[in-house]
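Protein chains in written order, with my numbering: chain A, 1 to 505; chain B, 506 to 729. Quick notes on the structure that follows.
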Amino acid sequence: MTAAVTAPARPGLPHAAAAPLTFARLVRIELRRNAVPWVVPVMAALLWFDSYRPSTAVPAFWMLRTFWNMGQGHTIIDTGPLVAGVAAWMGSRDARRGMADLAAAAARPRWTAQLATWAATAAWAVGAYLALTGALFAVYAAQGLRGTPPWWWLATGAVAVAAFSAAGFAVGALFPSRFAAPLAAFGAFLAMGTSSQAGFSATSGWALLLPTNANGNYQVPTGIDYHYLPDLPIARLMFLGGIAVAAVGLLGLRERAGGQRLRAAAAAVTLAGVAATATAVGLATTARQAADGIVIPALHDAASDRPLSYTPSCQRAGDVPVCLNPVFGSLLAGVTAGLRPALAAVAGLPGAPARVTEVAGTYTANEGSSGQAMTISGRPPVLRLPLDAETLPGSFGQTPAEFAGQLQVLFLEAFTGTSSGSGSPAQHAVLAALLQQAGQPFGAQPALLAMAGPGAPGPGPGGAAGPVYAAARRLAALPAATRHAWLAGHLAALRSGAITLGQLP
Amino acid sequence: MTAAGLDSSPRKVSAAGGSAPAAMRLTRLYAASRRIPVALGLLAAVGALLAVALDQHWAIAGGPAAQRVIPLSAEACAAAVIAVSCHGPFGEAERATGRWLPWLQLAAAVALTAAAFGVLAAAGPAGLLPGGAWAVLRNVAGMSGLGLLCASGLGGPFGWVGPAAYLVISEAGLAAGWSTPWLWAGRPPHDLGGAVCAGVACAAGLAAITLTGARGPSRSAGPG
Numbered sequence: 001m002t003a004a005v006t007a008p009a010r011p012g013l014p015h016a017a018a019a020p021l022t023f024a025r026l027v028r029i030e031l032r033r034n035a036v037p038w039v040v041p042v043m044a045a046l047l048w049f050d051s052y053r054p055s056t057a058v059p060a061f062w063m064l065r066t067f068w069n070m071g072q073g074h075t076i077i078d079t080g081p082l083v084a085g086v087a088a089w090m091g092s093r094d095a096r097r098g099m100a101d102l103a104a105a106a107a108r109p110r111w112t113a114q115l116a117t118w119a120a121t122a123a124w125a126v127g128a129y130l131a132l133t134g135a136l137f138a139v140y141a142a143q144g145l146r147g148t149p150p151w152w153w154l155a156t157g158a159v160a161v162a163a164f165s166a167a168g169f170a171v172g173a174l175f176p177s178r179f180a181a182p183l184a185a186f187g188a189f190l191a192m193g194t195s196s197q198a199g200f201s202a203t204s205g206w207a208l209l210l211p212t213n214a215n216g217n218y219q220v221p222t223g224i225d226y227h228y229l230p231d232l233p234i235a236r237l238m239f240l241g242g243i244a245v246a247a248v249g250l251l252g253l254r255e256r257a258g259g260q261r262l263r264a265a266a267a268a269v270t271l272a273g274v275a276a277t278a279t280a281v282g283l284a285t286t287a288r289q290a291a292d293g294i295v296i297p298a299l300h301d302a303a304s305d306r307p308l309s310y311t312p313s314c315q316r317a318g319d320v321p322v323c324l325n326p327v328f329g330s331l332l333a334g335v336t337a338g339l340r341p342a343l344a345a346v347a348g349l350p351g352a353p354a355r356v357t358e359v360a361g362t363y364t365a366n367e368g369s370s371g372q373a374m375t376i377s378g379r380p381p382v383l384r385l386p387l388d389a390e391t392l393p394g395s396f397g398q399t400p401a402e403f404a405g406q407l408q409v410l411f412l413e414a415f416t417g418t419s420s421g422s423g424s425p426a427q428h429a430v431l432a433a434l435l436q437q438a439g440q441p442f443g444a445q446p447a448l449l450a451m452a453g454p455g456a457p458g459p460g461p462g463g464a465a466g467p468v469y470a471a472a473r474r475l476a477a478l479p480a481a482t483r484h485a486w487l488a489g490h491l492a493a494l495r496s497g498a499i500t501l502g503q504l505p
Numbered sequence: 506m507t508a509a510g511l512d513s514s515p516r517k518v519s520a521a522g523g524s525a526p527a528a529m530r531l532t533r534l535y536a537a538s539r540r541i542p543v544a545l546g547l548l549a550a551v552g553a554l555l556a557v558a559l560d561q562h563w564a565i566a567g568g569p570a571a572q573r574v575i576p577l578s579a580e581a582c583a584a585a586v587i588a589v590s591c592h593g594p595f596g597e598a599e600r601a602t603g604r605w606l607p608w609l610q611l612a613a614a615v616a617l618t619a620a621a622f623g624v625l626a627a628a629g630p631a632g633l634l635p636g637g638a639w640a641v642l643r644n645v646a647g648m649s650g651l652g653l654l655c656a657s658g659l660g661g662p663f664g665w666v667g668p669a670a671y672l673v674i675s676e677a678g679l680a681a682g683w684s685t686p687w688l689w690a691g692r693p694p695h696d697l698g699g700a701v702c703a704g705v706a707c708a709a710g711l712a713a714i715t716l717t718g719a720r721g722p723s724r725s726a727g728p729g
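Below is the structure:
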């Protein structure tokens, strides 16, 4: 009993140094007593089921595999509501246990103690999110995904989880009850559901800030031909971080939260959070759609617009070199084989490409469109193929044969001048005849044209019938030399729309 | 602190053990300890919210999974409220002394599930509620069962995790076009497979909560 008395007292720490140390100790205790680890296995199971499993149905490119779980924010949907619920449970702890008065009379201000509890909750939640999504990315990396990972979206998800933890904690602290946790969780889920409603449909304005919104900001060219534009993720970080800060600051405004100066500081923190959120909303309203994503002028760095440089990988389709970004190296053989019969069908004709080169696709305002048109230009003519804006083999069950058919349609549309989405009946008849020559039977063409993309009107609805297909069959039945000679003499007029269906041989 | 009155209480309770007033008092105290009046109020609020959503045609754009988000969320939220209302504040002492406790737990869970079904089925007129009353009964019963299982395994305060996780899984399954009866929310209202699976989940949950009860929050170990 006396030994403790004789022990020398340790010198005390200066007050300024003691405060953070005490806070750190509080956080350490709260980390040990936190409830988030209990739901981490559920979060892991949901991430596997809802975020990873559906992503394996698309080709092995970072942007495609992560479209569902990062672009549309399913990693946040899978974790955010659980985090909000558990944070509400932690926030309501003192009041549930009838310790609110006791805690208010403790040496540390109430708000400081609550900050420690929230910090530990957020640390567990964000740590679990980063660990689980890190494992997800590690699995993807082991699968040899091409392109670059969406690090900005990962950071946005982490801050979103922190925002859910802060909002849930505030709900629990302000309305302490055993029902605070489920109400916070289901409120968060409903918020995510309704934000999906705005996020899936809104292509501009403040709704771009919603982490479920992939419109115009998460499409395949990024990570392959373009850098990830950080503009929108930075605005989202401000928006979500502002929500988190405002929710935490709100707790310090209550009378029993601490002294007058502390409550003034809490008011400043709350205002800072609200200001950050409002600024992000203001920035989002200035956003515009660019070829490589969403640009917010105040946050934009023009250097981000520079396309990624690469040394192309090439193969030959007959005499024509086909060159792609090496990221698409696994598709090079398929692209070459798919284009070979179509290139052979037009070989020697005016405007026939002397080279095929892959170019970056263009972002669209929605969630990305496949079947973007190819173009032929230059002297000698070069076929420019936006491969990252086409439906790749493996996407939604597309077979290599369907992929080859899609390439042939898009190339021959560019060649005949129908790729604008319109085209005369004569152009469509020539397109059909050339497709048949490239190995696509007339009967299969309507389905192929419908699949190839939005800019591909079929020669006639309801099957390969009607005057367009009658003319196409007539043209295809000609001897190859006769057909070649007619096309060589009339292609310029055909492309300009000056040839009628009746003028076809 | 005195021992006054301690000698008479056991005798009074024992004598009145089988009487209606004592049973009423026991039921009332049990309901108060589980915050059942608040739970009933919340179920009514969830039902009112669903009624407004159906009446105003709130909808999430997208396929069948998106269109069911709001009704399914309401059903899962009701199941979560039922699950978190089943743990008591007295822990081991209550389990050791209350011989009626299992029956009270069973009766409370059944009554709250019935109340949830009632308010949610009344929320939407025929045609507006996806699947109608039968689907609501199946979904609420099944998800309540999951919540009760979760309350029994993870602890009463975390009983809501089961319905919340099932909601996410249901939405993902519906989006993927799965038709397994374990995703009963995606099955037609009179589908036998879905009803059986939901019934099994409900029966398992009720059995678990009756036999083992919901673990309450511990003050010496565990979270929160």
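We treat Cβ as the ideally placed atom computed from N, Cα and C, and that holds for glycine.
Closest by C-alpha distance to residue i, when choosing among the options
| i | options | result |
| --- | --- | --- |
| A/Ala266 | A/Thr277, A/Ala247 and A/Val281 | A/Ala247 |
| B/Leu537 | B/Ala619, B/Ala638, B/Trp563 and B/Ala613 | With the sequence shown as reference, residue 537 of chain B is identified as Ala, and Leu is not the correct amino acid for it. Per the Cα distances, B/Ala613. |
| A/Trp62 | A/Leu26, A/Gly127, A/Thr112 and A/Pro150 | A/Pro150 |
| A/Gly157 | A/Gly134, A/Gly147 and A/Trp206 | A/Gly134 |
| A/Asn69 | A/Pro211, A/Arg96 and A/Leu145 | A/Pro211 |
| A/Thr416 | A/Pro109, A/Ala278 and A/Ala498 | A/Ala498 |
Helix, strand or coil at residue i according to DSSP, with G and I counted as helix
| i | result |
| --- | --- |
| A/Glu358 | strand |
| A/Gly423 | coil |
| B/Ser684 | coil |
| A/Ala60 | coil |
| A/Ser195 | helix |
| B/Cys702 | helix |
| A/Tyr363 | coil |
| A/Pro459 | Confidence at A/Pro459 is low in this model, with a pLDDT of 47, below 50, so the placement of that residue is unreliable and no value is reported for it. |
| A/Arg65 | helix |
| B/Gly718 | coil |
| A/Gln52 | A small correction: the amino acid at residue 52 of chain A is Tyr; Gln does not occupy that position in the sequence shown. Here A/Tyr52 sits in helix by DSSP. |
| B/Arg600 | helix |
| A/Arg97 | coil |
| A/Gln226 | Contrary to the premise, residue 226 of chain A reads as Tyr rather than Gln in this sequence. Residue state, collapsed to three classes: strand. |
| B/Ala726 | Note that B/Ala726 scores a pLDDT of 38, beneath 50, so its modelled location is shaky; the value from the coordinates is reported in the next line. Coil. |
| A/Arg340 | helix |
| B/Ser514 | Residue confidence for B/Ser514 is low, a pLDDT of 45 falling below 50, so the modelled location carries little weight; the figure read from the coordinates is stated next. DSSP places B/Ser514 in helix when its eight states are reduced to three. |
| A/Arg178 | coil |
Residue interval of the beta strand (DSSP E) (run including residue i)
| i | result |
| --- | --- |
| A/Ser377 | Thr375 to Ser377 |
| A/Gln219 | Taken as a continuous stretch (DSSP letters only), A/Gln219 belongs to no beta strand (DSSP E), as it is neither H nor E. |
| A/Val295 | Gly293 to Val295 |
| A/Arg316 | Ser313 to Ala317 |
| A/Gln289 | Arg288 to Ala290 |
| A/Pro321 | Val320 to Leu324 |
| A/Leu283 | First-last for A/Leu283: Gln260 to Thr285, but that is the alpha helix (DSSP H), not the beta strand (DSSP E). |
| A/Val159 | Taken as a continuous stretch (DSSP letters only), A/Val159 belongs to no beta strand (DSSP E), being part of the alpha helix (DSSP H) at Trp151 to Leu174. |
| A/Leu385 | Val382 to Leu385 |
Residues that residue i contacts on chain A, provided the C-beta gap is smaller than 8 Å
| i | result |
| --- | --- |
| B/Cys582 | Pro182, Leu183 and Phe186 |
| B/Ile674 | Leu46, Phe49 and Asp50 |
| B/Leu659 | Trp38 |
Contact with chain E by residue i, beta-carbon distance below 7 Å
| i | result |
| --- | --- |
| B/Val624 | Any reference to chain E falls outside this structure, whose protein chains are A and B. |
Proximity test, residue i beta-carbon vs the ligand FAD heavy atom, cut-off 6 Å
| i | result |
| --- | --- |
| A/Thr399 | You won't find the ligand FAD in this model; it holds no ligand whatsoever. |
7 Å Cβ cut-off: residues of chain A touching residue i
| i | result |
| --- | --- |
| B/Ile714 | By Cβ distance, chain A contributes nothing, its closest Cβ being about 15 Å from B/Ile714, past 7 Å. |
| B/Ala700 | What B/Ala700 touches in chain A: nothing, since even the nearest Cβ is about 24 Å away. |
7 Å Cβ cutoff met for residue i and residue j
| i | j | result |
| --- | --- | --- |
| A/Val36 | A/Val86 | yes |
| B/Gln548 | B/Ala583 | What sits at residue 548 of chain B in the sequence shown is Leu, not Gln. Yes; because the gap between Cβ atoms is below 7 Å, this pair is in contact. |
| A/Ala365 | A/Gly216 | yes |
| B/Val589 | B/Trp665 | yes |
| A/Glu358 | A/Leu324 | yes |
| B/Thr715 | B/Ser657 | no |
| A/Asp225 | A/Ala360 | yes |
Extent of the continuous alpha helix (DSSP H) to which residue i belongs
| i | result |
| --- | --- |
| B/Asp696 | Taken as a continuous stretch (DSSP letters only), B/Asp696 belongs to no alpha helix (DSSP H), as it is neither H nor E. |
| B/Ser649 | Gly637 to Gly658 |
| A/Glu402 | Pro400 to Thr416 |
Residue i: contacting residues in chain B (beta-carbon distance under 9 Å)
| i | result |
| --- | --- |
| A/Gly193 | Ile565, Ala571, Val574, Ile575, Ser578 and Glu676 |
Contacts that residue i makes with chain B (C-beta to C-beta distance below 7 Å)
| i | result |
| --- | --- |
| A/Arg495 | The premise fails here: A/Arg495 is roughly 40 Å from chain B at the closest Cβ pair, so nothing lies under 7 Å. |
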